[in-house]
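S.K.: Below you will find the structure I want to go over with you.
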Amino acid sequence: MYTFLSLSFHLEKRKKNQLLQLLQVCASFVYIFIHLFLVLENLGQTIIPDLGSLESQHDFRTPEFEEFNGKSDSLFFNDGQRRIDFVLVYEDESRKETSKKGTNEKQRRKRQAYESNLICHGLQLEATRSVLDDKLVFVKVHAPWEVLCTYAEIMHIKLPLKPNDLKNRSSAFGTLNWFTKVLSVDESIIKPEQEFFTAPFEKNRMNDFYIVDRDAFFNPATRSRIVYFILSRVKYQLINNLSKFGINRLVNSGIYKAAFPLHDCKFRRQSEDPSCPNERYLLYREWAHPRSIYKKQPLDLIRKYYGEKIGIYFAWLGYYTQMLLLAAIVGVACFLYGYLNQDNCTWSKEVCHPDIGGKIIMCPQCDRLCPFWKLNITCESSKKLCIFDSFGTLVFAVFMGVWVTLFLEFWKRRQAELEYEWDTVELQQEEQARPEYEARCTHVVINEITQEEERIPFTAWGKCIRITLCASAVFFWILLIIASVIGIIVYRLSVFIVFSAKLPKNVNGTDPIQKYLTPQTATSITASIISFIIIMILNTIYEKVAIMITNFELPRTQTDYENSLTMKMFLFQFVNYYSSCFYIAFFKGKFVGYPGDPVYWLGKYRNEECDPGGCLLELTTQLTIIMGGKAIWNNIQEVLLPWIMNLIGRFHRVSGSEKITPRWEQDYHLQPMGKLGLFYEYLEMIIQFGFVTLFVASFPLAPLLALVNNILEIRVDAWKLTTQFRRLVPEKAQDIGAWQPIMQGIAILAVVTNAMIIAFTSDMIPRLVYYWSFSVPPYGDHTSYTMEGYINNTLSIFKVADFKNKSKGNPYSELGNHTTCRYRDFRYPPGHPQEYKHNIYYWHVIAAKLAFIIVMEHIIYSVKFFISYAIPDVSKRTKSKIQREKYLTQKLLHENHLKDMTKNMGVIAERMIEAVDNNLRPKLE
247 MYTFLSLSFH LEKRKKNQLL QLLQVCASFV YIFIHLFLVL ENLGQTIIPD LGSLESQHDF
307 RTPEFEEFNG KSDSLFFNDG QRRIDFVLVY EDESRKETSK KGTNEKQRRK RQAYESNLIC
367 HGLQLEATRS VLDDKLVFVK VHAPWEVLCT YAEIMHIKLP LKPNDLKNRS SAFGTLNWFT
427 KVLSVDESII KPEQEFFTAP FEKNRMNDFY IVDRDAFFNP ATRSRIVYFI LSRVKYQLIN
487 NLSKFGINRL VNSGIYKAAF PLHDCKFRRQ SEDPSCPNER YLLYREWAHP RSIYKKQPLD
547 LIRKYYGEKI GIYFAWLGYY TQMLLLAAIV GVACFLYGYL NQDNCTWSKE VCHPDIGGKI
607 IMCPQCDRLC PFWKLNITCE SSKKLCIFDS FGTLVFAVFM GVWVTLFLEF WKRRQAELEY
667 EWDTVELQQE EQARPEYEAR CTHVVINEIT QEEERIPFTA WGKCIRITLC ASAVFFWILL
727 IIASVIGIIV YRLSVFIVFS AKLPKNVNGT DPIQKYLTPQ TATSITASII SFIIIMILNT
787 IYEKVAIMIT NFELPRTQTD YENSLTMKMF LFQFVNYYSS CFYIAFFKGK FVGYPGDPVY
847 WLGKYRNEEC DPGGCLLELT TQLTIIMGGK AIWNNIQEVL LPWIMNLIGR FHRVSGSEKI
907 TPRWEQDYHL QPMGKLGLFY EYLEMIIQFG FVTLFVASFP LAPLLALVNN ILEIRVDAWK
967 LTTQFRRLVP EKAQDIGAWQ PIMQGIAILA VVTNAMIIAF TSDMIPRLVY YWSFSVPPYG
1027 DHTSYTMEGY INNTLSIFKV ADFKNKSKGN PYSELGNHTT CRYRDFRYPP GHPQEYKHNI
1087 YYWHVIAAKL AFIIVMEHII YSVKFFISYA IPDVSKRTKS KIQREKYLTQ KLLHENHLKD
1147 MTKNMGVIAE RMIEAVDNNL RPKLE
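Residues in the sequence shown are numbered consecutively from 247, following our numbering.
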């Protein structure tokens, strides 16, 4: 026994360190086990329990009723301590002027059950009657500290750990600091936000976070987002195991009239409350006011006040507008080049020359009722065409192919910076499932990764059926809009003949209406009106259908929902807005045959030909009208509609205007911004982006129009948000969503469309072929390369005697009798062995057009892919910040805890060893 004790005593000294290390390892496992237990406990908290159905609850917990204390700028409960995080508005059923008592009672009990469950979830409610209308009741919602901490952990909200210690790199353009200061917001007015390293919040590690003041740790936007998360998931009724829940459903059913967070003050003056940050006032003064139109946007304050989703939209719109400045400068330069050189346009001079164009008789453009016409009547349109159909257009089309790539690549870098600065780098992993998705999760499956049971809304077979039905519905509506476009084309072809027969054939110069109301004008105006009506009707219907389809599809997260809806809406709008431009650019006047054998639609309607100035000028006119008219209409609508609605509301409340109204009642009478409000802002800009890139070869001034529109658009949208609309619920957003791949697809398609516009819509390729091949021998008679004789060479000859019965009868030809006429095509003349067949010039032109398209596409695509490869999506500085934050997070949230736990366990181990020593030493002695 003594030998064993002696051996143990000697071995203990040598193994003391090993025992200490073993205990430290055990401590680490204990820490990991505790951490895993807490995580599982928190995961359990994400499922909000059902606190009773409508039928089972009898004793509801109701909010406290308080009178308005007369403080119009107050953002707190009457006690002045608890901040108002959300406001619910309903109409008191006992004071409604209606006979539906049963319905009112049901609504009242649903609302009481809902408010009772809110209180059970830890929210605090205070109710106040309206000052102006005693039927209205405002329920103010406050989230206490414990509730905020609990749901911040559930929602994985990133909060500050410590101030950012990375130094900002000095600007390379130091000499231009004076210029940037003029454009920037005054930092003495809007102070820059302090940058922090952040991490997902955890209650058990609260001491690691940068909590200086509990009241300021969660900013108002974060508080509202947490409260809205709770409001969207609390149940109010349970029928046949089917839960009804969420504030959105209650608002849609009329149980509540509105639900919104509060603005912090009036936009025209600062709050009387000294603790109010007056962020709305600052945004109006430095962002939405017209005098700030030249200044940069205060993006950090926008994000802080409205949330990342609104902030990323304005960041993208501002960056897009900045990039348009370069495109607009180049576009104006190309336009001026064409304008200054239009007098040197040889082929236009030939059209206008009385001995050339004045003696060329053109064939009728429709059957029986259309007259012969002289070529020189297209003189003015040919001069205008010289402005747009010039060498500068080709240069600008190539430039825009490179510009759009630069814009997309540099935006990715800017977006990556915002993702880091606004703590949305890992948003996809953090985003919670939509409450509508969670309510449908009834099928149990085994997760392939965790091998644990989880609930999903439908099986794989059911998902396939849903996707098939949704895709079929979208495809049907796209076919419907295509059918409407075809119907408009048939209408134009048929009604043109009717107007030609009904309208007076002899123009009276004293009647201005008769002078301008030609068959072509009447056809164009009526077709445009009908097309506009059809587009608006289909657009209104399809919007509702797209929402129904997306709801049926049941995406998991809000981001998935918005991306799915975006793709459906854009596919429809793409066909809706661009179909007429594609028709003019690539189909109109391309398949018309020749005068003796024209092509007919449905065997009845003669195919439409281009205007005398050519299809390129018509495409330019179409783009100008659509872009200019759409921009003017949208801006007027965005400004006038909410302003008039608020004006009408103030007019109805004029009797109580002398009363002091609280902040929540002032906000209630503002206009609500619908769920798709921001979606339509994106859609408007993406449609414009398509016009700027897809058809820019025909209209180099498109970037300039877009630039002017966007400068106004930013301030108009800012004015709407700060003055006319209720404050939106702040939402997280990592990027611009599905709009990014849509823009990339437009950029790829733009290369093809612009190459085809230059090749097939403009006359640039035929002119080049004539200049280099057909103006000199063996095909031409000139001794040197020239454009002289181009018009005569490109107009084919047709024998009037060869007209079919439909065409040769022309009762009101005012140009006399002619044996031949000319038409735009490359065909052999009558009497030739291959009369009216395409000549050698035609095949040279076709070969040149195809070669041009291939060469231009390959050059631009090569440059695009090189630029995409050369410019990284994330800058080196942003990568350093992300790596630094990950390192700091790991150090603070893991290593420090392990060290503390190891230190504590080490102390315990030393005490155990000391106890063993104390027990063994007496026995050994």
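Think of the CB as a built atom: it goes at the ideal place given N, C-alpha and C, for glycine as much as any other residue.
Please determine if the region 450 to 469 and the region 404 to 411 are in contact, where contact requires at least 3 C-beta pairs separated by less than 8 Å.
M.R.: Yes, since at least three Cβ pairs between the region 450 to 469 and the region 404 to 411 fall closer than 8 Å, the two stretches touch.
S.K.: Between Ser538 and Ser434, what straight-line distance do the alpha-carbon atoms span, to the nearest angstrom?
M.R.: In the sequence shown, the residue the question calls residue 538 occupies position 292. In the sequence shown, the residue the question calls residue 434 occupies position 188. Rounded to whole angstroms, Ser538 to Ser434 spans 16 Å at the Cα level.
S.K.: Determine whether the beta carbon atoms of Asp338 and Val387 lie at a separation below 8 Å.
M.R.: Taking the sequence shown and counting its residues from 1, the one referred to as residue 338 is at position 92. Taking the sequence shown and counting its residues from 1, the one referred to as residue 387 is at position 141. No, they are not a contact pair.
S.K.: Return the CA-CA distance between Lys850 and Ser740, expressed in angstroms with no decimal places.
M.R.: Along the sequence shown, read from residue 1 onward, the residue named residue 850 stands at position 604. Along the sequence shown, read from residue 1 onward, the residue named residue 740 stands at position 494. The straight-line gap from Cα to Cα measures roughly 9 Å.
S.K.: Please state the DSSP three-state secondary structure of Thr907.
M.R.: Against the sequence shown, residue 907 aligns to sequence position 661. In the structure shown, Thr907 sits in coil (DSSP, three-state: anything other than H, G, I, E or B).
S.K.: Looking at the structure shown, is Cys598 part of a helix, part of a strand, or coil, going by DSSP?
M.R.: Residue 598 sits at position 352 when you count from the first residue of the sequence shown. Helix.
S.K.: Between Leu940 and the rest of its own chain, which residues show a CB-CB distance below 8 Å, the 5 nearest in sequence each way excluded?
M.R.: For this step, residue 940 is matched to residue 694 along the sequence shown. Excluding residues within five positions, the ones whose Cβ falls inside 8 Å are Tyr824, Cys827, Ile992, Leu995, Ala996, Thr999 and Asn1000.
S.K.: With DSSP as the reference, please indicate the residues paired to Leu848 in a beta bridge.
M.R.: Translated into positions along the sequence shown, residue 848 becomes position 602. Answer by DSSP bridge pairing: none, since Leu848 is not bridged.
S.K.: Ignore the nearest five residues each way along the sequence and tell me which others in Ser252's own chain have a CB closer than 6 Å to its CB.
M.R.: For the purposes of this step, residue 252 is taken as residue 6 along the sequence shown, with counting starting at 1. With a pLDDT of only 44 at Ser252, under 50, the local geometry of the prediction cannot be trusted, and the value read off the model is given with reservation. Within the same chain, Ser252 has no close Cβ partners at all.
S.K.: For the beta strand (DSSP E) containing Ser1042, list its first residue and its last residue.
M.R.: The count along the sequence shown starts at 1 and reaches residue 1042 at position 796. Note, Ser1042: beta strand (DSSP E), Leu1041 to Lys1045.
S.K.: Return the first residue and the last residue of the beta strand (DSSP E) that Glu700 is part of.
M.R.: Taking the first residue of the sequence shown as position 1, residue 700 is located at position 454. Note, Glu700: beta strand (DSSP E), Glu699 to Ile702.
S.K.: Given Ala573, which residues of its chain have a CB within under 6 Å of its CB, disregarding the five upstream and five downstream residues?
M.R.: Start at 1 with the first residue of the sequence shown, and residue 573 comes out as number 327. Same-chain partners within the cutoff: Trp649 and Pro949.
S.K.: Within the 8 Å Cβ cut-off, does Leu528 reach chain B?
M.R.: The structure shown contains no chain B; it is built from a single protein chain.
S.K.: With a cut-off of 8 Å, do at least 3 Cβ pairs link the region 527 to 536 to the region 913 to 926?
M.R.: Output reads no: the region 913 to 926 does not touch the region 527 to 536.
S.K.: CB Thr1032 to CB Phe1072, shorter than 8 Å?
M.R.: By 1-based counting over the sequence shown, the position of residue 1032 is 786. By 1-based counting over the sequence shown, the position of residue 1072 is 826. Contact flag unset, no.
S.K.: Do the region 621 to 629 and the region 1069 to 1085 meet, that is, are 3 or more Cβ pairs less than 8 Å apart?
M.R.: No, the region 621 to 629 is not in contact with the region 1069 to 1085.
S.K.: Assign Lys259 to one of two classes, buried (16 or more other C-beta atoms within 10 Å of its C-beta) or exposed (fewer than that).
M.R.: As a working mapping, residue 259 is identified with position 13 in the sequence shown. Residue placement at Lys259 is poorly supported in this model, since its pLDDT is 42, which falls under 50; the coordinates are not used for a value here.
S.K.: Could you tell me if Gln264 is buried or exposed, where buried requires 16 or more neighbouring beta carbons within 10 angstroms of its beta carbon?
M.R.: Taking the sequence shown and counting its residues from 1, the one referred to as residue 264 is at position 18. Confidence in Gln264 is poor, its pLDDT being 47 and thus under 50, which makes the residue's placement too unreliable to answer from.
S.K.: In chain order, what are the residue ranges of uninterrupted alpha helix (DSSP H) at least 4 long that sit wholly in the region 472 to 508?
M.R.: Segments of the alpha helix (DSSP H) lying fully in the region 472 to 508: 493 to 498.
S.K.: For Trp847, tell me which candidate among Gly733, Tyr1074, Phe971 and Ser376 has the shortest Cα-Cα distance.
M.R.: Position 601 of the sequence shown holds residue 847. The shortest C-alpha separation from Trp847 is found at Gly733.
S.K.: Rounded to a whole number of angstroms, what is the C-alpha to C-alpha distance between Gly874 and Gln868?
M.R.: Here residue 874 is taken as the residue at index 628 of the sequence shown, counted from 1. Here residue 868 is taken as the residue at index 622 of the sequence shown, counted from 1. Their Cα atoms are separated by approximately 10 Å.
S.K.: On the three-pair Cβ rule with 8 Å, is the region 980 to 987 touching the region 1011 to 1019?
M.R.: The region 980 to 987 is not in contact with the region 1011 to 1019.
S.K.: Is Asp325 helix, strand or coil by DSSP?
M.R.: Locating residue 325 in the sequence shown gives position 79, where the first residue counts as 1. Three-state DSSP puts Asp325 in coil, outside helix and strand.
S.K.: Could you tell me whether the Cβ atoms of Pro908 and Phe314 are closer together than 8 Å?
M.R.: Within the sequence shown, the letter at position 662 stands for residue 908. Within the sequence shown, the letter at position 68 stands for residue 314. Cβ atoms of Pro908 and Phe314: closer than 8 Å.
S.K.: Within 10 Å of its beta-carbon, does Glu699 have 16 or more other beta-carbons around it, so buried, or fewer, so exposed?
M.R.: Here residue 699 refers to the residue found at position 453 of the sequence shown. With fewer than 16 Cβ atoms within 10 Å of its Cβ, Glu699 is classed as exposed.
S.K.: Does DSSP put Pro1012 in a helix, a strand or coil?
M.R.: Position 766 of the sequence shown, counted from the start, is the residue given in the question as residue 1012. In this structure, Pro1012 counts as helix in the three-state DSSP scheme.
S.K.: Under the rule that 16 or more other beta-carbon atoms within 10 Å means buried, what is Pro976, buried or exposed?
M.R.: Residue 976 sits at position 730 when you count from the first residue of the sequence shown. Classification of Pro976: buried, given that the 10 Å Cβ count is 16 or more.
S.K.: Could you pull the start and end residues of the beta strand (DSSP E) that Tyr551 belongs to?
M.R.: Against the sequence shown, residue 551 aligns to sequence position 305. Careful: Tyr551 lies outside any beta strand (DSSP E), inside the alpha helix (DSSP H) at Leu545 to Tyr552.
S.K.: Can you look up Phe384 in the DSSP assignment and give me helix, strand or coil?
M.R.: Locating residue 384 in the sequence shown gives position 138, counting from the first residue. Phe384: strand per DSSP, three-state reduction.
S.K.: Alpha carbon to alpha carbon, how far is Gly557 from Leu545?
M.R.: The residue given as residue 557 occupies position 311 in the sequence shown. The residue given as residue 545 occupies position 299 in the sequence shown. Their backbone Cα atoms lie some 6 Å apart in a straight line.
S.K.: Which runs of the alpha helix (DSSP H) at least 4 residues long sit entirely within the region 555 to 624? Give them in chain order.
M.R.: For the region 555 to 624, whole alpha helix (DSSP H) runs of length 4 or above, ordered along the chain, are 592 to 598.
S.K.: Counting only runs that start and end within the region 942 to 1001, where is the alpha helix (DSSP H) found for 4 or more residues in a row?
M.R.: Those alpha helix (DSSP H) runs which fall completely within the region 942 to 1001 and span 4+ residues are 948 to 965.
S.K.: Taking C-beta to C-beta, are Thr1124 and Ala662 nearer than 8 Å?
M.R.: Within the sequence shown, the letter at position 878 stands for residue 1124. Within the sequence shown, the letter at position 416 stands for residue 662. Result yes, Cβ atoms of Thr1124 and Ala662 sit closer than 8 Å.
S.K.: Terminal residues of the continuous beta strand (DSSP E) containing Glu1131?
M.R.: Translated into positions along the sequence shown, residue 1131 becomes position 885. It is not in any beta strand (DSSP E) - Glu1131 instead sits in the alpha helix (DSSP H) that spans Lys1122 to Gln1136.
S.K.: From Leu334 to Pro309, what does the alpha carbon distance come to, in whole angstroms?
M.R.: Numbered from 1 along the sequence shown, position 88 holds the residue referred to as residue 334. Numbered from 1 along the sequence shown, position 63 holds the residue referred to as residue 309. Distance between the alpha carbons of Leu334 and Pro309 is about 12 Å.
S.K.: For Ile783 versus Val720, is the C-beta distance shorter than 8 Å?
M.R.: Taking the sequence shown and counting its residues from 1, one reaches residue 783 at position 537. Taking the sequence shown and counting its residues from 1, one reaches residue 720 at position 474. Not a contact, by the Cβ cut-off of 8 Å.
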